[in-house]
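Protein chains: 2
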Amino acid sequence: MQQVPKIKVLLAEDDLSLGYVIKDNLVDAGYDVILCPDGQSAIDKFDKNEVGICLLDVMMPNKDGFAVAKKIRQQSDMVPILFLTARSMEEDKIKGFQSGADDYITKPFSMQELLMRMEVFLRRTRKMHSDKTVTFTIGQLNFSYTDLKLTIGQEVFNLTQKEADLLKFLCEHSNRILKREEVLLNVWGKDDYFLGRSMDVFITKLRKYFKADPQVNLETIHGVGFRFNTPAL
Amino acid sequence: MQQVPKIKVLLAEDDLSLGYVIKDNLVDAGYDVILCPDGQSAIDKFDKNEVGICLLDVMMPNKDGFAVAKKIRQQSDMVPILFLTARSMEEDKIKGFQSGADDYITKPFSMQELLMRMEVFLRRTRKMHSDKTVTFTIGQLNFSYTDLKLTIGQEVFNLTQKEADLLKFLCEHSNRILKREEVLLNVWGKDDYFLGRSMDVFITKLRKYFKADPQVNLETIHGVGFRFNTPAL
DNA sequence: AATCCTCTTAACCAGCACTTAACCAGATTC
DNA sequence: GAATCTGGTTAAGTGCTGGTTAAGAGGATT
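In order, the protein sequences belong to chains A and B. Quick note, the first sequence lines up with residues 117 to 349 if you use our numbering. Quick note, the second sequence lines up with residues 117 to 349 if you use our numbering.
Right, dumping it as C-alpha cells:
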C-alpha cells in the first residue's frame, strides 16, 4: 500500500470537549491533528511546511479565528483555512474576512459534513495551487522547488533556479536511467557539447549537497547518463 | 469568492468573435459585461451610474474608440477607459487622446494581462468608494494601505500610491518567492523591461524604510524575484 | 508659468549565475 | 598498455541582473 504522508490539521477550538471529539474523528479519518485550545497557541504551532489545512473556531479567547487567520496568511497564502462559526454569525462578516483559500462551516455540524467539506476543499485548493507548491521528500532530504530550498538535516541550501530545475527533473525521474541528452533537452531545452559540460558542473554541485545524506546518490552511467538513486518509500 | 456587486464592463469591439471570447473570459472572472459591436451602440448603452470600466476597441465602424471616449467623458470623467489598440498604432497618437483615467493595451494581449490591467486600474477608483481600511502589522511595522502610512517604531513614512500598492502586494504574499514578472503583472499590470527597472527603484525605496526594522527584509532571489521575509509567528 | 510631486528612464557599477576552459582520472577500445 | 573518450572538478571568463542615484517627463497645484 502506498504510504501517503498524513495530512496535518491545525485545529483551534476552545471548547475542549468538542475539540477532542473532532480530533478523535479526524485521527480516525487518517489525519494528523494538532489541537490548540486558543488562538495564540494555534499561531505558535503553525508551520507552513507542515500544516495542510487549518480549522479555526471563530470565537475563541486570546485571538479569535480571524486574527489567527490573518497571522497565518502572513506565513502562507495557500494553506486552506476553514472557519468554524456559530449560526448566529452574519454571513457578510465572514465573507469580509475570507480570502480565496478560505471557507467556513456553521456549527453545529456533523463529522461527516466536516470531513466532506475538508476533502472537497483540500482537493480544490490543491488543484488551484498545484503549480505553486512543489516539494519532494526523499530520504532525509527535503526539497522545495517553489522556495528553491533544499534541506538536509539541519543544513539548508539555497538553490539557484537552474539547480532547482535540474534537481526537480531528477526527483521526478528517480531510480531510472536518464540519458544525458534527455536531461539536457528537458532542463536546458537543447543539447550541445558545451551545455553538456555545463550540466556536469551542475551535477557536481548537486552531489556536494547530497553528501549530507548517504541514502541518496547520483550515479553515473558511463556513456549514457545518470541514475538518481533514492530510497524506496 | 467575492460577492460584492459585480462590476459592469462596457466592452466595445467590432470583431465579434474576439468580442465574445473576451466577454466570456470577463464573465468567468466575475464581471458583468455589456458587449457592443460598434461605437455608437456603446455610447447608447453607457450609463455613468452603472458602468465601472470601459474597454474600447480603437478601430471600429460607426465612431471609433476615441470618439466614444470623448462622448463618455462628457458624462463622467471618472470612469476608467482602457483602449484596445492594434500594435501598428503609434504610441503618440494614443497618448494624445488619453486623459488621466485612460490607459491602453495592445492587441494581441493575453486574457491574464487584460484582467490584471483592469484590476490595477479599478483598484484606485474602487478604493475611493470602499470605506474598508486595509492595514498590516508585521514585526514592529504598521502599514495602513488606506492611509498610505507606514509606521515603524517612532518613524512615520508617508507613502506614495505606487509604493503602497507594491508594499501591499508584498505583505499579502510574504515569506514566499515572488517572481519579478508576478509582481509587475499584479502591481503595474504589465511586464516590460522599463517597468522592471522602475520596480527596482521602488524596491530600493521600500528597503530604506525597512532599515528601521531588522525583523523584516526584502531579499533578492537573483534571476527570479524577491521574497519579503517577515518574522515567524 | 512656476513649483512640486510622482513615476519612469537613464547611467553607472557590482555581484552573481551560468558557461567555457583547462586539467585530470577512470573507462573503454584496440 | 597506449590511445582515446567520457566525465569529474576547479577556476576563469562573460553577460546579465539588479542596486543605486540622478535626470527627465508629465500632471497637478499654486
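Here a beta-carbon is modelled for each residue, glycine too, at the ideal position from N, C-alpha and C. Here the structure is a predicted model, which is why all the values come from computation and not from measurement.
Between the CA atoms of residue j and residue i - distance to the nearest angstrom
i                : j                : result
Thr262 (chain B) : Leu275 (chain B) : 11 Å
Gln331 (chain A) : Glu235 (chain A) : 34 Å
Ser133 (chain A) : Phe225 (chain B) : 56 Å
Ile169 (chain B) : Gln191 (chain B) : 13 Å
Ile337 (chain B) : Phe273 (chain A) : 13 Å
Gly339 (chain B) : Gly312 (chain B) : 12 Å
Lys296 (chain B) : Met175 (chain B) : Reading the sequence as shown, one finds Arg at residue 296 (chain B) and not Lys. Near 33 Å, if we compare the C-alpha coordinates of Met175 (chain B) and Arg296 (chain B).
Gly155 (chain B) : Asp173 (chain B) : 9 Å
Leu231 (chain A) : Glu288 (chain B) : 29 Å
Arg323 (chain A) : Tyr309 (chain A) : 21 Å
Gly260 (chain B) : Lys278 (chain B) : Looking at the sequence itself, residue 260 (chain B) is Ser, so the reference to Gly does not match. Those two C-alpha atoms are separated by around 14 Å.
Lys139 (chain B) : Lys179 (chain B) : 21 Å
Leu334 (chain A) : Gly341 (chain A) : 10 Å
Glu129 (chain A) : Met194 (chain B) : 47 Å
Gln256 (chain A) : Pro153 (chain A) : 32 Å
Asp316 (chain A) : Ile293 (chain B) : 27 Å
Arg343 (chain A) : Lys284 (chain A) : 14 Å
Val143 (chain B) : Val149 (chain B) : 7 Å
Ile319 (chain A) : Phe326 (chain A) : 10 Å
Tyr136 (chain A) : Leu151 (chain A) : 8 Å
Asn141 (chain A) : Thr253 (chain A) : 28 Å
Arg233 (chain B) : Gly146 (chain B) : 15 Å
Gln228 (chain B) : Val299 (chain B) : 13 Å
Lys186 (chain B) : Leu171 (chain B) : 14 Å
Leu200 (chain B) : Ile159 (chain B) : 16 Å
Ser269 (chain A) : Thr251 (chain A) : The displayed chain sequence assigns Gly, not Ser, to residue 269 (chain A). Rounded to whole angstroms, Gly269 (chain A) to Thr251 (chain A) spans 16 Å at the Cα level.
Ile123 (chain B) : Gly305 (chain A) : 43 Å
Leu222 (chain A) : Leu198 (chain A) : Per the sequence shown, the amino acid found at residue 222 (chain A) is Thr instead of Leu. When rounded, the distance between both Cα atoms is 10 Å.
Asn291 (chain A) : Glu271 (chain A) : 24 Å
Arg203 (chain A) : Arg240 (chain A) : 25 Å
Ile188 (chain A) : Ser314 (chain A) : 41 Å
Residue i at chain B interface by Cβ criterion, 8 Å
i                : result
Gln256 (chain A) : no
Gln115 (chain A) : The structure shown does not extend to residue 115 (chain A), since chain A spans only 117 to 349, so no value can be given for it.
Leu231 (chain A) : no
Ala145 (chain A) : no
Leu127 (chain A) : no
Contacts that residue i makes with chain A (C-beta to C-beta distance below 9 Å)
i                : result
Glu298 (chain B) : In chain order: nothing, as chain A lies at least about 11 Å away.
Thr346 (chain B) : Gln190 and Gln191
Helix, strand or coil at residue i according to DSSP, with G and I counted as helix
i                : result
Asp74 (chain A)  : The shown model of chain A, from 117 to 349, leaves out residue 74 (chain A), and the question about it has no answer.
Thr249 (chain B) : coil
Leu300 (chain B) : helix
Ala183 (chain A) : helix
Ala145 (chain A) : coil
Arg239 (chain A) : helix
Lys223 (chain A) : strand
Glu129 (chain A) : coil
Lys161 (chain A) : helix
Gly339 (chain A) : coil
Ile254 (chain B) : strand
Lys195 (chain B) : Note that residue 195 (chain B) is Val in the sequence shown, not Lys. Val195 (chain B): coil per DSSP, three-state reduction.
Glu166 (chain B) : coil
Asp218 (chain A) : strand
Val137 (chain A) : helix
Ile188 (chain A) : helix
Leu200 (chain B) : strand
Any C-beta of chain A under 8 Å from that of residue i
i                : result
Glu288 (chain B) : yes
Val340 (chain B) : yes
Ile337 (chain B) : yes
Contacts that residue i makes with chain B (C-beta to C-beta distance below 8 Å)
i                : result
Thr262 (chain A) : Arg292 and Ile293
Interface residues of chain B facing residue i [CB-CB closer than 7 Å]
i                : result
Gln277 (chain A) : Gly339 and Val340
Next item on the list: Only counting runs of 3 or more residues, tell me where the beta strand (DSSP E) segments fall wholly within the region 277-330 of chain B, in order along the chain.
Entry: Listed in chain order, they are 293-295.
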